[in-house]
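Quick notes on the structure that follows.
Protein chains in written order, with our numbering: chain V, 814 to 1204; chain G, 624 to 1039.
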């Protein structure tokens, strides 16, 4: 193209050539960005040297000097271990929070559409109140005005003798594993597989004969049967353990720090209000003709929801709900405000202990970014599978 | 809308209710079958309990802490002897908003008349119904003041707002054609009123005032950057597209806190040692960088909503790509983007509380500072001041989200 001759024999000047313009613009953009990075990197280097801070990432293997509450973390451990502990604590929030907020959000979203006026109104007031308040304020409120008002650790409350509750820790009934628990966990997986196989068999049976499949019932029965049998054969390898208070030391039971529960509760309530809106919107977005079609073939109210409305609403709701999961995961970083040792707080403490801030913050961002990108990637795959074929 | 009885169907419209007798209404909406009756009784008892305990709690609240600290909440440690500058700045902001609102309405009205379309201007009653929570909040705030001065000064603000609204109808044509002049001149006047001539620099802009300043400044500064990024993401130049996508996805994948930490602790390393930025400025830079990524996605949605035929129409009448973008695509795209921009504004408004973590004295920190004062320490007053602080964010977000929904309906976004 560059050398084409125009009929009159004169060529337009080369800077009017679209290929030249496109190339020049791109080179310019890249040059500006690379130049900017070089400039900033140079500044960073000079400043780090001037402040006598390490330049690379070697400091990750040095001892931290930070203490992490309720983790048995040794302050002499290297920096990377402290960061890993923080990531683990972040995951503890995410893994417990996401199922909770999904359930609560879905219930409230459905409640907003209830034909019961009172239920719908309560759900509306809840959503409109909570989602318009900053999540950090909710966290501070739950922590300062609820958790910290619990009795002090030297004199905790013990309702029913099942819980030990103080403003530092909240412990409830848990499980202790005795010998044979490992085998029991293996049996658990086997039972799941067996239930799955039975489910598939029932589906095939139903397709072949036309009898109802009852696969949920069958699967659950097989699973429960295997588990119960294994439980007694292995000599009850898992027992319930109640927290026992001895002076100020609590043994047994299962629970966590007050700060953990404050963040969890506040963020679950906040995110659930957003999920509720998505659920409501998605149910409303299912075309009315679908409901009418279900009525026309005489499905019952439950069948209509189960087989017609909800599956379609689910497809609409999935991307925004996953987005809320990501928001939840990112918002767990607000736990820094009340001292729960997730990864952001650990980074903050390490900066306070004199480790170089630019590298630490970069690592922190990369950790969150990897998590977000992984989830987005999985969602994209899922979305492609859920797309209507031929659309 | 006809009424269907599935739990998944929308609640019947209220107009339908009004024609029913109370007993029929109760039967239909609260006691239609046994489980609905059960739900009504359980939740009715629950609501009764909540209302009664809330009322008992509210009656026993001692609002002393709010009365003593009201200035701290609203303006932080802004020097008392310079407070008149703050009021002046508020007057400038009120006047600017009123002028802009009236000029926009007049503009729309003129265009509608020229096009021969009927134009419905919102009535005063309508405006009052939309914005009454803000008025109520102002009156609520003034009820804690100890002298009459703030009330009088607020009345002056209201008078200035009305005056500016009245003047707004008679703006000269050259200003109406360049409406961007009003916010630009307003922002400069606002800054000069506060900080000019030996005034109060932005390091002492604190309290709820700081939350508002950070929100407005953050969105305004992030918008041009976000627009560029959105155009970059839709560019046909692969390198530009890659750079934009990387920037947008990187920032959208990390929490805002990490950006604020960067602003507070790491930005100082990236600028040469002899240049010093104050904490306020570094945080504002961090917020701007972060918001621009989100605004870019919002604007991209708007750009995608413009049908391809519009671009082709532009090309067919011989417009250059740049002119097609500026004269045909952007006006339509940005109009469609307004509701989502309001949503972004709300989101940043709530997120400005995060500056608490890096040590700026915003409303949240002011509230927590007040409960650690010796005379209010350890009396469980967090349960008073935190809901008080939440109220300001709630009113702002609630009113704006209603506006956003109204605009969405009015513009018919997503309906084509």
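Heads up, the beta-carbon is just placed ideally off N, CA and C, and yes, glycines get one too.
Predicted model, so just to flag it, every value in this text is computed and none were measured.
Return the first residue and the last residue of the alpha helix (DSSP H) that residue 780 of chain G is part of. 772-791
Is it the case that the segment 873-891 of chain G contacts the segment 899-912 of chain G, given that we only count it when at least three CB pairs across the two stretches are under 8 angstroms? yes
Check the Cβ of residue 941 of chain V against every Cβ in chain G and list those closer than 8 angstroms, keeping chain order. 1021
With a cut-off of 8 angstroms on the beta carbons, I'd call residue 725 of chain G and residue 816 of chain G a contact; round off their distance for me. Going by Cβ atoms, the distance from residue 725 of chain G to residue 816 of chain G rounds to 22 angstroms, so no, they are not a contact pair.
Using a Cβ cut-off of 7 angstroms, which residues of the segment 660-674 of chain G contact any Cβ in chain V, in chain order? 662, 663, 666, 667, 670
Residue 1030 of chain V: which of V:1022, V:1147, V:1014, V:1043 sits nearest, CA to CA? V:1014
Name, please, each residue of chain V whose Cβ falls closer than 8 angstroms to the Cβ of residue 866 of chain G. 842, 843, 846
Check residue 629 of chain G in the structure and name its three-state DSSP category. With a pLDDT of 43 at residue 629 of chain G, under the threshold of 50, the predicted position of this residue should be treated as unreliable, though the coordinate-derived value follows. In this structure, residue 629 of chain G counts as coil in the three-state DSSP scheme.
Considering only C-alpha positions, which residue in the set V:1103, V:1126, V:1081 is nearest to residue 908 of chain V? V:1081
Run of the alpha helix (DSSP H) containing residue 980 of chain G, from where it starts to where it stops: Premise fails: residue 980 of chain G is in no alpha helix (DSSP H) and is neither H nor E.
Mind checking if residue 885 of chain G is an interface residue toward chain V, Cβ cutoff 9 angstroms exclusive? yes
Could you give the first and the last residue of the continuous beta strand (DSSP E) run that contains residue 1052 of chain V? 1051-1054
Opposite residue 978 of chain V in the DSSP bridges: which residues? V:970, V:983
Counting contacts by CB-CB distance shorter than 9 angstroms, is residue 1170 of chain V in contact with chain G? yes
According to DSSP, is residue 985 of chain G part of a helix, a strand, or is it coil? strand
Going by the DSSP bridge assignment, what does residue 989 of chain V pair with across the sheet? V:1052
Count the other CB atoms, across all protein chains shown, that sit within 10 Å of the CB of residue 858 of chain V; report buried if there are 16 or more and exposed otherwise. exposed
Less than 9 angstroms between the C-beta atoms of residue 951 of chain V and residue 1079 of chain V, yes or no? yes
Helix, strand or coil: which one does DSSP assign to residue 1068 of chain V? strand
Could you check if residue 1120 of chain V is buried or exposed, using at least 16 other CB atoms within 10 Å of its CB as the buried criterion? exposed
Could you tell me whether the Cβ of residue 678 of chain G comes closer than 9 angstroms to any Cβ of chain V? no
First and last residue of the alpha helix (DSSP H) that includes residue 912 of chain V? 892-925
Within-9 angstroms CB hit, residue 1015 of chain V to chain G: no
Alpha-carbon spacing of residue 1057 of chain V relative to residue 983 of chain V, whole angstroms: 12 angstroms
Cα separation between residue 1022 of chain V and residue 1116 of chain V? 21 angstroms
Assuming the contact rule is C-beta atoms closer than 8 angstroms, residue 846 of chain V and residue 902 of chain G should be a hit. Round their C-beta distance to whole Å, please. Not a contact, Cβ separation roughly 27 angstroms.
Closer than 7 angstroms, Cβ to Cβ, to anything on chain C: give me those residues from the segment 927-961 of chain G, in chain order. Of the protein chains in the structure, V and G, none is chain C.
Positions along the segment 952-984 of chain V whose CB lies within less than 7 angstroms of some CB in chain G: 953, 954, 957, 958, 962
Restricting to Cα atoms, I'd like to know which of V:992, V:996, V:986, V:956 is closest to residue 980 of chain V. V:956
Taking the alpha helix (DSSP H) that residue 873 of chain V falls in, what are its first and last residues? No alpha helix (DSSP H) contains residue 873 of chain V, which DSSP labels as neither H nor E.
DSSP beta-bridge partners for residue 830 of chain G? G:985
Going by beta carbon distance, what residues of the same chain come within less than 6 angstroms of residue 1008 of chain V, once the five residues before and after it are set aside? 1032, 1035, 1036
Boundaries (first-last residue) of the alpha helix (DSSP H) holding residue 868 of chain G: 861-875
Applying a beta-carbon distance threshold of less than 7 angstroms, which residues of chain V neighbour residue 826 of chain G? In chain order: nothing, as chain V lies at least about 21 angstroms away.
Using a Cβ-Cβ distance under 9 angstroms, would residue 730 of chain G count as near chain V? no
Expressed to the nearest angstrom, what Euclidean distance is found between the alpha-carbon atoms of residue 947 of chain G and residue 806 of chain G? 26 angstroms
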